[in-house]
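Numbering-wise, the sequence shown is residues 1 to 67 according to UniProt numbering.
The C-beta atom is built at its ideal place from N, Cα and C for all residues, glycine as well.
Structure first, then comments.
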Amino acid sequence: TSLELATQECDSVEIVKLLLQAGANPTSSKRAHDSALTIAAKESLDILPLLIRHAPTPGDLNYVDSE
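Now the structure itself:
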C-alpha cells in the first residue's frame with residue numbers, strides 16, 4: 001500500500017499524516033507484505049506512535065498473520 005511504501009522508504013511524518021488523513025489503514029497490508037504498523041515497529045521508526053493512534057481497532061494491534 002502507499003502507506004507501507006511511505007513508512008518503509010522515507011519515515012516521513014508529514015507524508016504519513018497525509019495518507020492517514022486520506023483514510024489509509026496502518027494495519028492493512030498486501031498479501032506477503034508487512035503492514036505499515038509492523039514495518040514501523042520492526043524498524044523502531046519515529047512514526048510508530050502516530051500509526052498506533054490510527055489503528056482502526058485495538059484488536060488489530062494484537063493480530064498475528066498465520067500465513
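Problem set entry | Rounded Cβ spacing between A41 and L48 (contact assumed at less than 8 angstroms) | Here residue 41 corresponds to residue number 41 of the sequence shown, with the count starting at 1. Here residue 48 corresponds to residue number 48 of the sequence shown, with the count starting at 1. 6 angstroms between Cβ atoms; contact.
For this session: Starting from the C-beta of S35, find all residues in its chain whose C-beta is less than 7 angstroms away, skip the five residues before and the five after it, and write them out in chain order.
Result: Working through the sequence shown from its first residue, we reach residue 35 at position 35. Result list for S35: E4, P26, T27, S28, S29, in chain order.
Problem set entry | Sequence-distant residues of its chain with Cβ nearer than 7 angstroms to H33 (five each side left out) | By one-based count along the sequence shown, residue 33 stands at place 33. Counting only Cβ-Cβ distances below 7 angstroms, and skipping sequence neighbours, we find E4.
Exercise. Under the rule that 16 or more other beta-carbon atoms within 10 Å means buried, what is A22, buried or exposed?
Worked result: By 1-based counting over the sequence shown, the position of residue 22 is 22. With fewer than 16 Cβ atoms within 10 Å of its Cβ, A22 is classed as exposed.
Exercise. Can you tell me whether V16 is buried or exposed, with buried defined as 16 or more other CB within 10 angstroms of its CB?
Worked result: Residue 16 sits at position 16 when you count from the first residue of the sequence shown. With 16 or more Cβ atoms within 10 Å of its Cβ, V16 is classed as buried.
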